[in-house]
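Counting in this note's numbering, the sequence shown runs from 568 upward without gaps. Think of the CB as a built atom: it goes at the ideal place given N, C-alpha and C, for glycine as much as any other residue.
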Amino acid sequence: MIKLGIVMDPISSINIKKDSSFAMLLEAQRRGYQIHYMEMADLHLDQGVAMADTKIVEVKQDPNGWYEFKSQQPLALAELDVIL
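Here it is in structure tokens:
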């Protein structure tokens with residue numbers, strides 16, 4: 568499974584009809600990727616290792632509820648296959 572990390576604005580405030588990051592998340596999910604959501608404030612260094620406090624997120628094309636966080640964990644960015 569591909570682990571995709573995405574650094575973006577707060578997902579709660581995006582316009583899902585216009586947001587290109589959201590469109591990429593929908594396609595990544597369709598392909599079976601594990602999506603690790605993070606905001607800029609979640610990124611940090613720990614003894615020289617690039618880290619992030621990530622949230623596994625599932626997305627859907629529903630204007631009343633377009634995302635759901637599944638779990639949260641600290642993760643070394645090197646563990647991700649792709650970062651957007």
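Item, Value
"Determine the burial state of L612: buried for a count of at least 16 other Cβ atoms within 10 Å of its Cβ, exposed for fewer.", "exposed"
"Among all the DSSP beta bridges, which residues are the ones paired with L647?", "None; L647 has no bridge partner."
"Using the rule of at least 16 other Cβ atoms within 10 Å of the residue's Cβ for burial, across every protein chain shown, is A643 buried or exposed?", "exposed"
"Look up E606 in the DSSP assignment and say whether it is helix, strand or coil.", "coil"
"What does I578 pair with, by DSSP beta-bridge criteria?", "Per DSSP, none; premise fails for I578."
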